[in-house]
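Engineer:
So, in structure tokens, the structure goes:
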């Protein structure tokens with residue numbers, strides 16, 4: 001490119017684009033679609049500022065990756081494979097390309113996986129694929145490889161996807177900025193200064209351990225205060241229930257007065273790539289709006305609740321009373337005229353899709369390694385008590401979700417035993 | 001209320017709700033709808049962070065009003081009519097209730113006015129109306145009066161709508177925060193300390209003049225850098241063209257494969273209140289998505305451009321060459337196969353709906369008055385050279401908007417005279 | 001006071017003074033003296049921004065206390081003794097009044113205690129005493145009682161001095177701001193919202209536990225990254241050595257060419273209140289400047305090192321090699337011509353005067369209590385794994401400090417065993 | 001250097017040192033001395049946060065210069081003389097080296113100039129000179145040339161000293177940060193992106209004009225709100241009076257009980273370089289402290305006022321009543337027992353040493369030039385109405401300073417005419 005281009009960004013001040021390939025990717029139809037998918041799904045119903053899109057996050061992940069590589073190059077670190085620069089940048093930019101609207105709810109309702117869709121878009125008949133192919137015919141495959149973590153150079157994969165990757169660093173800073181909480185504000189510059197490539201890994205200079213502790217503590221706080229927030233979870237549950245009801249109605253041959261192809265194909269489990277690219281949060285929201293006029297009272301009620309933010313209330317309870325709570329709650333539901341299938345949910349925060357730092361567990365991302373001045377590598381929990389303590393913490397309480405009106409509809413005394421088992425809701 | 005409630009807000013840290021009426025208003029269907037209307041319309045296509053909603057802005061206006069009143073009460077200022085507190089707070093919260101999706105484009109295409117819709121919602125058969133009526137039967141009318149600036153107490157109106165009102169103070173801070181520019185960051189606390197009620201006006205202590213200068217300079221910068229940004233304007237123009245095309249097709253009895261009632265009624269100019277409340281940015285966006293599959297090539301092309309952010313390019317030109325530029329551009333358009341009605345627009349930024357500070361002009365909001373230690377009131381331009389200079393500045397250049405491909409489609413030499421008349425685009 | 005007064009403050013934006021007593025206290029000679037004592041002693045040699053004074057911190061502690069009380073009053077909490085308001089505010093403002101220059105070094109060298117001096121100033125023949133006496137004759141005694149933690153109302157003491165007091169909340173935020181690190185930035189507003197008076201204690205609503213965790217994690221990071229920083233410690237050691245040398249010279253009847261009474265009396269251990277009030281960091285710094293021209297080469301060298309920031313280098317070593325390291329280092333010192341009394345120091349960070357959260361240890365401040373919805377109180381480590389983990393962490397490594405030139409002055413091989421025992425310095 | 005070094009800085013996050021020469025310069029005695037001279041002189045008596053030193057500002061100027069050069073090199077701009085890089089960095093770092101304590105007061109009292117002292121230090125027998133000489137024998141002279149603006153390459157001079165130089169950019173941001181006002185916060189990154197070398201000048205791309213406007217407006221606000229603040233000025237006047245009194249006493253052969261050589265030589269107007277380097281704010285402050293015990297009641301009173309912040313009050317008056325105000329005030333002074341020589345001062349803010357942007361005036365720094373897309377250069381006031389308006393504004397009101405007690409000491413009616421001529425003090 002003749003000249004650097006910039007995007008104004010509230011988190012990184014500016015995002016610098018120096019390669020024509022990156023510029024062209026940003027201008028593809030598939031990448032622009034990310035403007036219509038919120039980064040935090042239903043969190044905007046808990047934190048009204050959380051209305052930022054996956055588009056801005058994707059630019060941020062790209063920018064952090066660019067900064068890391070630029071620091072590696074400036075310091076002439078040996079372990080850095082310079083020829084992988086553009087591949088890293090493209091994978092960083094595109095790693096979330098396959099995210100659909102309200103991913104958590106849809107993925108759990110229909111079993112789709114956004115990583116698979118990312119690869120399909122990169123490899124399919126798309127503008128993104130055409131831009132990548134101009135670099136070299138096998139370039140789209142390489143990018144897909146990095147996104148799916150099958151690429152042979154671990155160091156490339158770990159920049160985009162590890163316990164200390166550009167993806168997480170951007171989302172912690174960005175989500176903190178837009179929600180307005182200040183837990184996510186670790187010192188990015190300091191992290192950048194203490195990481196380096198070493199024998200195929202990204203490692204952390206031991207003297208930078210406290211910077212990483214700070215980052216992991218930010219993460220811990222963000223999970224509890226933002227990502228696992230029960231109000232957000234309540235909205236996700238409602239969306240899940242709406243899809244479950246729609247699927248049931250479809251199977252019952254109900255005739256929807258509002259229906260568009262991509263949603264129909266989603267329910268039928270036969271989404272094409274073209275369908276998928278039409279699915280954004282606007283379409284979902286519009287569907288909810290017009291399903292408020294359908295003829296099924298349950299579907300109408302659920303959609304109405306979501307739109308008007310009349311979310312389910314939640315209460316905690318002890319694991320030991322699990323069975324009793326469920327049984328009595330189902331009785332209460334039926335007595336009050338609610339179908340428990342659609343009006344009740346039991347939940348553990350640790351079932352959610354965000355992960356905390358638990359090295360050693362299967363399916364875990366690449367761990368964080370410290371490099372000491374004798375060139376030994378040690379996994380961080382062996383050196384940091386604070387990280388060890390965070391890693392070990394068992395996540396969350398049992399929550400039960402149910403309509404706020406439930407209790408009023410029942411006689412005061414009949415379910416006293418149930419309410420006694422439930423803790424306070426804040 | 002038993003206990004203060006709070007909302008986490010990135011701009012004001014927390015928003016404090018102390019009255020049940022305010023709490024209930026926030027939970028109405030009509031107020032929740034503001035979550036689905038962006039504060040800055042198409043600006044997110046220029047500044048990707050600008051995805052915040054009118055919901056968050058409305059809470060912010062409420063919060064600033066609450067702080068102002070709390071300061072008036074704490075200082076026991078004589079001129080403050082204490083009985084108007086709740087009225088002020090409700091009007092502050094609800095003043096933007098009637099905003100529809102992409103207001104600027106829709107209002108210019110169909111002649112609707114959001115202030116009118118705000119009053120219709122407050123006075124109509126709505127949840128908002130029911131909450132307000134619980135205060136007193138004539139309370140909805142009073143709130144509508146403040147919003148429409150017809151209420152008899154000027155001081156109440158001017159808190160919500162004047163040159164130094166809670167509305168502007170919030171939007172400058174909020175829009176600066178979400179776009180990431182730092183022009184809008186004046187010292188809110190200082191402004192709050194220097195304003196006070198005085199004989200029916202909100203006035204500024206003369207020693208606080210510099211604080212107001214700073215606020216007006218922020219505003220000046222925000223108008224130029226954000227609100228009047230030609231890329232944002234280009235997207236607005238495109239939306240306007242899409243509506244113009246749809247209206248034309250409707251009048252030609254074109255049969256839309258995707259159509260919903262609220263949009264049909266908008267085109268037919270017979271929107272009901274119920275329709276209007278269904279119109280949000282999701283519905284608009286969904287319409288654009290599915291109109292990409294219509295049978296009219298112009299409509300398809302315009303929608304495609306908007307969704308993929310292939311906006312019209314813009315160039316400046318001198319007022320003196322106005323006629324010549326238009327004439328030659330129309331010729332060029334036709335030669336290249338573009339219908340100038342849909343593919344070309346001339347624009348002056350000062351036509352836009354944001355106003356700068358120009359006391360004395362008709363339709364101007366209440367001016368800013370300084371109160372000196374001898375209790376004289378003076379309009380600020382008489383004391384501040386810097387404000388005088390900002391007020392007098394003539395706004396903007398002539399811009400012409402047209403498709404980027406236009407130039408490539410024409411022979412290099414044929415329109416050399418036209419391109420010579422046009423200045424650089426940044 | 002006719003009208004609220006404000007101070008512009010970078011941490012709290014504004015500090016509001018509403019009582020004439022507070023205003024008068026700020027304007028006393030003894031309080032103004034705090035402008036000449038840095039909040040963080042020698043830390044400015046590590047973090048060049050850390051040049052802020054105890055004056056600004058004292059205003060900050062006052063402001064946080066004012067906000068807490070205002071919240072208690074606004075919510076009409078039962079457990080709050082309203083008549084203690086002014087006492088709390090005065091004690092908050094004055095609690096650090098007795099701090100002298102470079103407190104840590106001077107207190108360790110001469111055995112003075114700033115708390116004692118605070119009380120002496122409050123009770124002595126001072127402007128502060130005269131202002132306080134105007135409230136009531138026994139008011140100075142009450143204020144001294146709160147500062148020395150002997151006042152009978154625990155709740156008053158704990159606002160100013162406990163594990164979650166206004167003092168710490170201000171210094172974490174302020175020290176983070178001025179050093180530029182961003183570890184100290186917890187959510188003050190949120191903490192304020194979750195604390196309340198309860199049966200004579202300040203307690204935390206259980207649902208606010210995460211806010212307290214965040215505050216304690218900030219504190220943990222600040223201790224490691226700022227307060228325990230070995231470079232700061234190295235400068236403190238140097239000051240301590242300078243005083244030790246001066247005392248030795250004095251006892252040897254050395255005739256100082258630069259000497260002023262307060263320093264002489266400090267060395268003689270017979271400081272009067274009047275002397276103490278003349279002792280500020282300017283006097284200390286001036287003493288160092290002119291002692292560079294004394295006739296004792298050790299004193300000159302030590303002062304020169306401090307002024308030119310040629311601080312001692314530090315290395316870590318294992319506890320097990322403690323004895324060996326000391327023995328060999330002393331040999332090395334002598335061989336290189338350094339007197340180990342002045343040129344060597346062994347140090348454990350946990351000896352320093354900042355404390356972490358360790359409930360149960362003697363001399364511990366009032367612990368943090370959580371109040372659940374059944375009105376039970378629980379000490380926070382019983383509920384929070386993260387706090388438990390922070391509390392248990394054993395503090396720091398062994399450090400040895402010595403002149404950087406030492407190693408060059410010795411033959412390369414002679415002390416290879418010593419250098420092998422010492423870890424890396426960053 | 002083997003590895004980049006960093007300083008933590010609150011304004012720029014980190015300051016990066018990449019050259020051994022820079023590292024060595026920072027570690028010289030003369031540069032470390034800047035830690036003991038406040039950046040804003042007496043401003044800390046107005047804004048208690050303004051306790052930052054010239055040391056931190058000098059690092060900041062260096063860092064901005066480093067960023068500008070790095071951007072020039074990254075973009076391979078033709079007009080940039082690459083061989084001047086180290087010279088620019090050294091001059092940027094050292095340009096304030098000659099600043100003494102409370103420069104404004106001392107320079108006006110004794111006619112010294114900090115620029116001259118900077119050059120003397122660079123060229124004299126100093127550690128700084130020795131470090132610079134290692135680059136090349138004539139390097140110290142070159143550095144001094146840039147600092148004194150006599151160096152032949154205008155572009156090098158203008159990076160360090162022009163209307164848009166690294167010096168001002170750092171001090172606006174830094175002074176805003178430490179005082180806590182938010183006027184100084186322009187968009188540094190954006191300015192860096194729009195400046196470039198062009199035919200021996202640093203120029204601004206025309207499309208960046210608004211960024212420069214924003215910077216100049218920040219400057220305008222900072223001058224009025226911070227640099228010209230009358231309370232700061234009042235403290236400067238007091239210091240000036242103290243020196244005037246001391247000089248008078250010296251000429252009268254008064255025998256000072258506290259005196260050190262550098263101050264004596266300052267009064268005698270025969271300061272050596274060695275003396276000058278001992279003069280820092282600690283020495284000055286210590287002098288004030290001990291002069292409170294001298295035998296001259298005027299000197300004691302003036303020093304006491306400064307230390308206890310009992311500054312002179314100020315009032316505005318109209319230019320037309322100039323003569324009358326002075327005459328009557330002198331009468332009032334004498335009647336109340338104040339010597340007007342030491343207890344009264346007339347002042348115009350525009351006499352102060354900060355300059356605003358006034359191109360064309362003699363002694364003006366290099367102006368700001370805009371470069372348009374046709375490669376024409378235009379001075380910014382010809383294009384920007386807002387800059388034109390700021391440049392033309394006549395600075396400030398007449399102020400008279402006098403002891404607060406003056407009025408109380410006089411009969412209520414005797415000077416009613418004088419008080420009527422004076423405006424309000426805030």
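Protein chains in written order, with UniProt numbering: chain A, 1 to 426; chain B, 1 to 426; chain C, 1 to 426; chain D, 1 to 426.
Ideal Cβ placement from N, Cα and C applies to all residues, glycine included.
Please read all numbers here as calculations on a predicted model, not as lab measurements.
Does any residue of chain A have a CB that is nearer than 8 Å to the CB of residue 161 of chain C?
Structural biologist: No, its Cβ sits nowhere closer than 8 Å to a Cβ of chain A.
Engineer: Any C-beta of chain D within less than 7 Å: which residues of the segment 215-242 of chain C qualify?
Structural biologist: Residues passing the 7 Å Cβ filter: none.
Engineer: Quick one: residues in its chain with C-beta nearer than 6 Å to the C-beta of residue 180 of chain D, no 5 flanking neighbours on either side, listed in chain order?
Structural biologist: Closer than 6 Å at Cβ, skipping near neighbours: 49.
Engineer: Can you give me, in chain order, the residues of the segment 101-114 of chain A that have a beta carbon less than 7 Å from any beta carbon in chain B?
Structural biologist: Going along the segment 101-114 of chain A in chain order, one finds no residue with a Cβ nearer than 7 Å to chain B.
Engineer: DSSP on residue 149 of chain A, reduced to helix/strand/coil?
Structural biologist: The answer is coil: DSSP assigns residue 149 of chain A none of H, G, I, E or B.
Engineer: Would a C-beta distance cut-off of 8 Å place residue 58 of chain C and residue 96 of chain C closer than the cut-off?
Structural biologist: Their beta carbons are under 8 Å apart, which means residue 58 of chain C touches residue 96 of chain C by this criterion.
Engineer: Out of A:64, A:52 and A:47, state which residue places its alpha-carbon closest to the alpha-carbon of residue 14 of chain A.
Structural biologist: Ranking A:64, A:52 and A:47 by Cα distance to residue 14 of chain A puts A:64 first.
Engineer: Going by CA-CA distance only, name the one from B:369, B:289, B:326 and B:416 that's closest to residue 257 of chain B.
Structural biologist: The option with the nearest alpha carbon to residue 257 of chain B is B:289.
Engineer: Just grab the DSSP bridge partners of residue 14 of chain A for me.
Structural biologist: Looking at the DSSP assignment, residue 14 of chain A forms a beta bridge with A:8.
Engineer: Would DSSP call residue 53 of chain C helix, strand or coil?
Structural biologist: Looking at residue 53 of chain C - three-state DSSP - the assignment turns out to be strand.
Engineer: Report the option in D:345, D:66, D:390 and D:311 whose CA atom is closest to the CA atom of residue 405 of chain D.
Structural biologist: Ranking the options by Cα distance to residue 405 of chain D, first place goes to D:311.
Engineer: Report the neighbours of residue 46 of chain C on chain A: residues whose CB is nearer than 8 Å to its CB, in chain order.
Structural biologist: Simply none; closest approach about 15 Å.
Engineer: So what does DSSP say about residue 108 of chain B, is it helix, strand or coil?
Structural biologist: The answer is helix: DSSP assigns residue 108 of chain B an H, G or I state.
Engineer: Can a CB atom of chain A be found closer than 8 Å to the CB of residue 390 of chain C?
Structural biologist: Cβ-Cβ to chain A under 8 Å: yes for residue 390 of chain C.
Engineer: Exposed or buried, residue 252 of chain A, counting other C-beta atoms within 10 Å across all chains shown (16 or more means buried)?
Structural biologist: It counts as exposed.
Engineer: DSSP on residue 352 of chain B, reduced to helix/strand/coil?
Structural biologist: Any reading at residue 352 of chain B needs caution, since the residue's pLDDT is 41, under 50, leaving its predicted position unreliable; the model's value is listed next. DSSP places residue 352 of chain B in coil when its eight states are reduced to three.
Engineer: What number of angstroms, rounded off, separates the C-alpha of residue 28 of chain B from the C-alpha of residue 308 of chain A?
Structural biologist: Between residue 28 of chain B and residue 308 of chain A, the C-alpha separation is close to 7 Å.
Engineer: Using the C-alpha atoms, what's the distance from residue 348 of chain A back to residue 115 of chain B?
Structural biologist: Approximately 46 Å between the Cα atoms of the pair.
Engineer: What is the residue span of the beta strand (DSSP E) that residue 369 of chain A lies within?
Structural biologist: First-last of the beta strand (DSSP E) with residue 369 of chain A: 369-371.
Engineer: Residues in the same chain with beta-carbon distance under 7 Å from residue 213 of chain A, minus the five sequence neighbours each way, listed in chain order, please.
Structural biologist: Same-chain partners within the cutoff: 384, 386 and 387.
Engineer: Taking contact to mean at least 3 C-beta pairs separated by less than 8 Å, is the segment 365-375 of chain D in contact with the segment 314-328 of chain D?
Structural biologist: Segments in contact, no.
Engineer: So which residues on chain B does residue 26 of chain D lean against when the C-beta distance must stay under 7 Å?
Structural biologist: By Cβ distance, chain B contributes nothing, its closest Cβ being about 30 Å from residue 26 of chain D, past 7 Å.
Engineer: Using 8 Å for Cβ pairs, my map puts residue 267 of chain D next to residue 250 of chain D. What's the rounded Cβ distance?
Structural biologist: Right, their Cβ atoms sit about 5 Å apart.
Engineer: Mind listing which residues of the segment 6-20 of chain A have their C-beta closer than 8 Å to chain D's C-betas, in chain order?
Structural biologist: Within the segment 6-20 of chain A, the residues whose Cβ lies closer than 8 Å to some Cβ of chain D are 6, 13 and 14, listed in chain order.
Engineer: Distance, Cα to Cα, residue 120 of chain A vs residue 109 of chain A?
Structural biologist: Roughly 20 Å separates the two Cα atoms.
Engineer: Does residue 78 of chain C pass the burial test, meaning 16 or more other C-beta atoms within 10 Å, or should it be called exposed?
Structural biologist: By the neighbour-count rule (16 or more Cβ atoms within 10 Å), residue 78 of chain C is not buried but exposed.
Engineer: Could you list which residues in chain C have their beta carbon closer than 8 Å to that of residue 189 of chain B, in chain order?
Structural biologist: In chain order: 13 and 14.
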